[in-house]
Amino acid sequence: MLFLYSVFFRLLILLSMFVSGTILACSANETCIEKSSWHLGIALGVGVKTNPLVDGDDIPLVILPDIAWYAEKAYFDNGELGYQWISQPKFAFETFLTFDRESAFFSFLHPANILAPSQGASTSTSDSSVSPEFPGPSDPADEGMQTIQRSLSIDEIASRKWAVNGGFRGHYFSTFGEWQLALLQDISNVHKGQLVALQYRRKWLWRDWQMRLRLGTDWKSAALLDYYYGVSKRDTTLTEYYFNGKSGWQTYLSIDVLKPINENWSWLAKMSYRRLPNSLTDSPLIEENNIRNVFLGVAYRF
């Protein structure tokens, strides 16, 4: 059954690239991009995205590109390639392909790390973060006081691959904002997991200030979370570390604030907080149960 579902999902994604449809929609609260046109922008500033993994480097945010292209039917928007089937004032529906972003915390050659030196790199070579601590004979008084340290450095585990997701997304536009519901499936057979994403978006204009809010929750399947955060014999022979990832909900809040300087330049502030699923709190790979993102700078629109 799962095999048939996966095949059907892939065929539908491919067909969506060839079947005729309607023009891409945008809500009344959003700036539309004209069809067959590029949208190019770049933000320069100082920021950081925290890495919740043990010995994971925080990601410096120095240059944030914004690249989008919209044809009459298909589109490319910051790494997402899609096709919109329905575009109405109240509803929109599209299919799309995108890279799974879960492995970004495991990739040490992440583009963000190339743009500026890492501020959170771990230089410690101590084995205390990669192996359990057992009571030793050197200090009998401490016997029975020590416990196994269930922290496993990502420097010592098997690599996690990038996955490609295919998905469906529906939009509902109202005067109070926009609702989105998306379903994604790994079509690259890396982890074979699924993701369901529910998001609410709202934009406010106050004088010349523009504020954008995103509030949402993602349900991630056990196959997805276990592939990235589970620990098994592929990573270590020490069974004390073994952990099976279970499905869970990941909630988040994001706020963007823009203030125009002139026709092309704007001040930009971005803040977000993402809570990891409770099912992952006991994973030996995870050091923090949240991901924080802060950026302050200027944005330029070409």
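For the sequence shown, this note's numbering begins at 331 and goes up steadily by one. Positions of the beta carbon are idealized from the N, C-alpha and C atoms, including for glycine. Please read all numbers here as calculations on a predicted model, not as lab measurements.
Using a Cβ distance threshold of 8 Å, leucine 528 and threonine 547 count as a contacting pair.
Within the DSSP bridge table, the entry for glutamine 540 names Leu535, Leu588 as partners. For aspartate 385, there is no enclosing alpha helix (DSSP H), as DSSP marks it with neither H nor E. The Cβ atoms of arginine 542 and aspartate 586 lie closer than 8 Å to each other.
Counting the other Cβ atoms within 10 Å of the Cβ of tyrosine 502 gives fewer than 16, which makes it exposed.
Counting along the chain, the unbroken beta strand (DSSP E) around leucine 514 starts and ends at 507-516. Residue state for arginine 431 is assigned as helix, using DSSP reduced to three classes.
Note on threonine 611: under 16 other CB atoms within 10 angstroms of its CB, so exposed under the neighbour-count rule.
Under the three-state reduction of DSSP output, leucine 482 falls in the coil class, being neither helix nor strand. For lysine 379, the closest alpha carbon among the candidates Trp368, Ala373, Val392, Ser367 is that of Val392. By the C-beta criterion, the segment 530-539 is judged to be in contact with the segment 487-507, since at least 3 inter-stretch pairs fall below 8 Å.
With 16 or more other CB atoms across the displayed protein chains lying within 10 angstroms of its CB, arginine 499 is buried. Boundaries of the alpha helix (DSSP H) around tyrosine 559: 552-559.
Sixteen is the threshold: when 16 or more other Cβ atoms of the shown chains lie within 10 Å of the Cβ of proline 614, as they do, the residue is buried. DSSP, reduced to helix, strand and coil, places asparagine 608 within a helical segment of the structure shown. In the DSSP assignment, isoleucine 397 falls within the unbroken beta strand (DSSP E) covering 389-400. In the assembly as shown, isoleucine 487 is a buried residue. Its beta-carbon has 16 or more other beta-carbons within 10 Å. Looking at the backbone, the Cα of tyrosine 400 and that of leucine 545 are separated by about 25 Å. When DSSP states are grouped into helix, strand and coil, phenylalanine 436 belongs to the helix group.
Annotated as proximal: aspartate 430 and alanine 493, with beta-carbon spacing under 8 Å. Close CB contacts of leucine 626 within its chain, under the 7 Å cut and outside five residues either way in sequence, are with Gly375, Val376, Gly377, Ala599 (chain order). Glutamate 424 counts as buried, since no fewer than 16 other beta carbons sit within 10 angstroms of its beta carbon.
The beta carbon of leucine 555 sits closer than 8 Å to the beta carbons of Gly523, Gly575, Lys576, Ser577, Gly578, Pro607, Ser609, Leu610 from its chain, once the five residues preceding and following it are set aside; these are given in chain order. Just measuring C-alpha positions, the residue of Asp388, Ile372, Gly386, Arg604 sitting nearest leucine 394 is Ile372.
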